[in-house]
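Q: Below you'll find the structure I mean.
Protein chains in written order, with the working numbering: chain G, 958 to 1074; chain Y, 22 to 133.
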């Protein structure tokens, strides 16, 4: 099945620093999603990307859909303590046999972000 | 609007017992997904429904796992009999026709 390689696995940064993380795949995805998960909670959707080359921002977060459709990155600018959590990328590949209605997300293993005040 | 609701939030049971996890999706969402999260394997899709019909259950580990969606506002994931290796956090998520899935808070299951 599909696999997503997410890196880095963990990051320890100082408040105010910028953060960058990425995901790569051996296969093409039609949609890339970025989620954040805090302890004891479910993943929360941050950004959704639908077109190759698309660059989308959500506050201090910026994500891009790679041109090859096999990668995506997420940047966080001027990090703050509440940015702490695990960030997941997820890719969606429409199954041609299902007529484009297959919604099986493949998740990366996550990037654990720690921000020191 | 209320998000995805899951119950219970925590479940501790003994090996061999039946476990039932419950989910109420966001109103108007046509898709419902059940995931399992562990440290070793990350987030894994178990099964998903479209308009209450199971579409893909290829992620269900084995016959001990079953899921139902009797109506648009309720789904269950049942494990019978439970085993210690089933210990994990189980998430329910829902979405409209689009692909953005919204997750519930999860049920932390511990099987002793």
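Don't be surprised by glycine CBs; every beta carbon is placed ideally from N, CA and C.
1. List, in order along the chain, the chain G residues whose C-beta lies closer than 7 Å to that of residue 91/Y?
2. Alpha carbon to alpha carbon, how far is residue 56/Y from residue 76/Y?
3. Closer than 8 Å by beta-carbon distance: list the chain G residues that pair up with residue 126/Y, in chain order.
4. Should residue 80/Y and residue 98/Y be called a contact, given that it needs their Cβ atoms to be closer than 8 Å?
5. Going by DSSP in three states, residue 107/Y sits in which element: helix, strand or coil?
6. Quick one: grab the DSSP three-state call for residue 1034/G.
7. Against residue 49/Y, what residues of chain G qualify as contacts under a CB-to-CB distance less than 8 Å, listed in chain order?
8. For the segment 101-116 of chain Y, list every residue whose C-beta sits within 9 Å of some C-beta in chain G, in sequence order.
9. Does any CB atom of chain Y fall closer than 8 Å to the CB of residue 990/G?
10. Which chain Y residues sit within Cβ distance under 7 Å of residue 1064/G?
11. Just to make sure I have the definition right: I need the residues of chain Y whose C-beta is within less than 7 Å of the C-beta of residue 1005/G. Which are they?
12. Does any C-beta atom of chain Y lie closer than 8 Å to the C-beta of residue 1045/G?
13. Quick check on DSSP: helix, strand or coil for residue 84/Y?
14. Taking C-beta pairs closer than 9 Å, name the residues in chain Y that residue 1067/G reaches, listed in chain order.
15. Quick one: what does DSSP say residue 1028/G is sitting in, helix, strand or coil?
16. How would you list, in chain order, the residues of chain Y whose beta-carbon sits under 9 Å from the beta-carbon of residue 1002/G?
17. Does residue 94/Y come out as helix, strand or coil in the three-state DSSP assignment?
18. What would DSSP say about residue 1078/G, mapped onto helix, strand or coil?
19. In three-state DSSP terms, what is residue 51/Y?
20. So does residue 130/Y have its beta carbon nearer than 7 Å to some heavy atom of the ligand ZN?
21. Nearest by alpha-carbon distance to residue 129/Y: which of 36/Y, 48/Y, 59/Y, 101/Y is it?
22. Relative to the C-alpha of residue 1036/G, which residue among 1043/G, 963/G, 974/G is closest?
A: With the structure as the only source:
1. What residue 91/Y touches in chain G: nothing, since even the nearest Cβ is about 21 Å away.
2. A direct Cα-Cα distance of roughly 14 Å separates residue 56/Y from residue 76/Y.
3. Taking a Cβ-Cβ cut-off of 8 Å, the neighbours of residue 126/Y in chain G comprise 997, 998, 999, given in sequence order.
4. With contacts defined by Cβ atoms closer than 8 Å, residue 80/Y and residue 98/Y do not form a contacting pair.
5. Collapsing the DSSP output to three states places residue 107/Y in a helix.
6. Correct three-state label for residue 1034/G: coil.
7. Simply none; closest approach about 16 Å.
8. Here the close residues are 110, 112, 113, 114, 116.
9. Residue 990/G counts as touching chain Y.
10. Correct list: 63, 64.
11. What residue 1005/G touches in chain Y: 121.
12. Yes, residue 1045/G lies at the interface with chain Y (some Cβ there is under 8 Å from its Cβ).
13. Reduced to three states, the DSSP call for residue 84/Y is coil.
14. Simply 63, 64.
15. Shown here, residue 1028/G sits in a strand according to DSSP, grouped into three states.
16. Residues of chain Y whose Cβ lies closer than 9 Å to the Cβ of residue 1002/G are, in chain order, 121, 122, 123, 124.
17. In the structure shown, residue 94/Y sits in coil (DSSP, three-state: anything other than H, G, I, E or B).
18. Only positions 958 to 1074 of chain G appear in this structure, which leaves residue 1078/G out of reach.
19. Looking at residue 51/Y - three-state DSSP - the assignment turns out to be coil, as it is neither helix nor strand.
20. Ligands displayed in this structure: none; no statement on the ligand ZN is therefore possible.
21. Looking at the Cα atoms, 59/Y is the closest of the given residues.
22. Closest by C-alpha distance to residue 1036/G, out of 1043/G, 963/G, 974/G, is 974/G.
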